[in-house]
Amino acid sequence: MTISMIVGNWKMNTTVDEAEALATQIACGVSDDSNVGVVVCPPFISLVAVQSTLKNSGISLGAQDVHHEVSGAFTGAVSTNMLVNICQYVIVGHSERRSIFRESDAAVNLKVKAVLTAGMTPILCIGESLEEREGGSAEAVVESQLRLGLEGVEAGAGIVVAYEPVWAIGTGRSASPEIAQAMMAHIRQTLVAIGGEEAAAEVSLLYGGSVNAGNVGGYMEQADINGALVGGASLNAESFVEIVRVAAGTG
Ligand code: PEP
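Count the sequence shown with our numbering and you get residues 91 to 341, in order.
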């Protein structure tokens, strides 16, 4: 069975104190028997503090990135070894990592493998640019990112894929539920081709790109969408909690 989930990506926002306060407010608003899994991904420096804040809350913790090596001379980097006792999830290949930090599909694949080897769940982000969509190559681009990102990996339970069209991230211009579903169906079919029906059905597919409490319901109704990866709206506890409630059908 696929797990429904709402993931908050706080990006490079919040000091440690602010992260603790935000986590506290979110934990107060989210009921721990919700049928939707909730994950928050604070900056690395706040993970330990937020872990303690969220203890017994039912909310899981994720990191926003990781290095593929376990240890060594990689100044500034953080490894799976350091995260494994703190996080259950790691976002890998976010479009900001791909564009600003020039991460290739091969680098993303190494990270996916490192996260799985450590026993955590990768949230593999894929998505086309506006130019690629307008040029008619959106499906091909997304399929290629998916196949390369999962190369050598058993793509079933324990993998989360987030489809985030780059043109919808932080722009307020969300993809319509129909556009998102069409791409999700293609992603699901590609997963079937990679690992078979049963395994493909176990992968949680999240939509990301200007999700808010007003539009999340439309995504959750789609056959191949199991949740959302939320950026901006996850920084406001009230908005994020409302997104979770709508996704759970209790909003
Ligand atoms: C994201 O950063 O993954 C994202 C989807 O951001 P936003 O919700 O702000 O568009």
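Glycine included, every Cβ here is placed at the ideal spot set by N, Cα and C.
(message) Need the endpoints of the alpha helix (DSSP H) that Thr280 sits in, please.
(response) 267-285
(message) For a quick check, are the C-beta atoms of Cys215 and Gly298 less than 9 Å apart?
(response) yes
(message) Rounded to whole angstroms, what is the Cα-Cα separation between Lys79 and Val306?
(response) Given that the chain is displayed from residue 91 to residue 341, the structure contains no residue 79 and the question cannot be resolved.
(message) Looking only at its chain, what residues have a beta carbon closer than 8 Å to the beta carbon of Asn416, apart from the 5 residues adjacent to it on each side?
(response) Any answer about residue 416 is impossible in this case: the structure gives the chain only from 91 up to 341.
(message) Going by the DSSP bridge assignment, what does Val182 pair with across the sheet?
(response) Leu214
(message) Would Pro133 pass as an interface residue toward chain B - the criterion being a Cβ-Cβ separation below 9 Å?
(response) Judged by its chain identifiers, the structure shown contains no chain B, having just a single protein chain.
(request) Give the secondary structure of Ile96 by DSSP, where H, G and I count as helix, E and B as strand, and everything else as coil. (result) strand
(request) Go ahead and pull the three-state DSSP assignment for Ser150. (result) Three-state result, Ser150: strand.
(request) Quick one: give me the first and last residue of the beta strand (DSSP E) that Cys131 is part of. (result) 127-131
(request) Return the CA-CA distance between Asp314 and Arg192, expressed in angstroms with no decimal places. (result) 30 Å
(request) With distances taken Cα to Cα, identify the nearest neighbour of Asp195 among Glu241, Leu144, Leu151. (result) Glu241
(request) Can you tell me which of Gly339, Gly322, Thr340, Ala318 puts its alpha carbon nearest to the alpha carbon of Val128? (result) Ala318
(message) Quick check on the burial criterion: 16 or more other C-beta atoms within 10 angstroms. Buried or exposed for Thr74?
(response) The displayed coordinates of the chain run from 91 to 341. Any statement about residue 74 would go beyond what the structure contains.
(request) Confirm, please, whether the CB-CB distance from Asp122 to Ser147 is below 9 Å. (result) yes
(message) Less than 8 Å between C-beta atoms, sequence neighbours within five positions excluded: which residues of the same chain meet that for Arg223?
(response) Pro255, Trp257
(request) Please name the residue in Ile93, Val202, Glu328 whose C-alpha comes closest to that of His157. (result) Val202
(request) Apply the 10 Å Cβ neighbour rule to Gln279 and answer buried if 16 or more other Cβ atoms are within range, or exposed otherwise. (result) exposed
(message) Can you give me the C-alpha to C-alpha distance between Ala163 and Thr261, rounded to a whole angstrom?
(response) Our two residues, Ala163 and Thr261, have alpha carbons roughly 37 Å apart in a direct line.
(request) Just the C-alpha distance for Val301 and Gly166, rounded to the nearest angstrom, thanks. (result) 31 Å
(message) Below 8 Å, is the gap between the Cβ of Gly239 and the nearest heavy atom of ligand 3?
(response) You won't find ligand 3 in this model; what it holds is ligand 1.
(message) Taking the beta carbon of Ile135 as the centre, do at least 16 other beta carbons fall within 10 Å, making it buried, or is it exposed?
(response) Exposed, since its Cβ has fewer than 16 Cβ neighbours within 10 Å.
(request) Compute the minimum distance between the beta carbon of Ile216 and the heavy atoms of ligand 1, and state whether it is under 8 Å. (result) no
(request) Work out the CA separation of Ala117 and Ile149 for me, nearest whole Å. (result) Answer to the nearest angstrom: the Cα atoms are 7 Å apart.
(message) By alpha-carbon positions, which one of Ala245, Glu186, Tyr309 ends up nearest to Glu287?
(response) If you compare the alpha carbons of Ala245, Glu186, Tyr309 with that of Glu287, the shortest gap goes to Ala245.
(request) Would you identify the three-state DSSP class for Val250, choosing helix, strand or coil? (result) strand
(message) Please classify Ile190 as buried or exposed, where buried requires at least 16 neighbouring CB atoms within 10 angstroms.
(response) exposed
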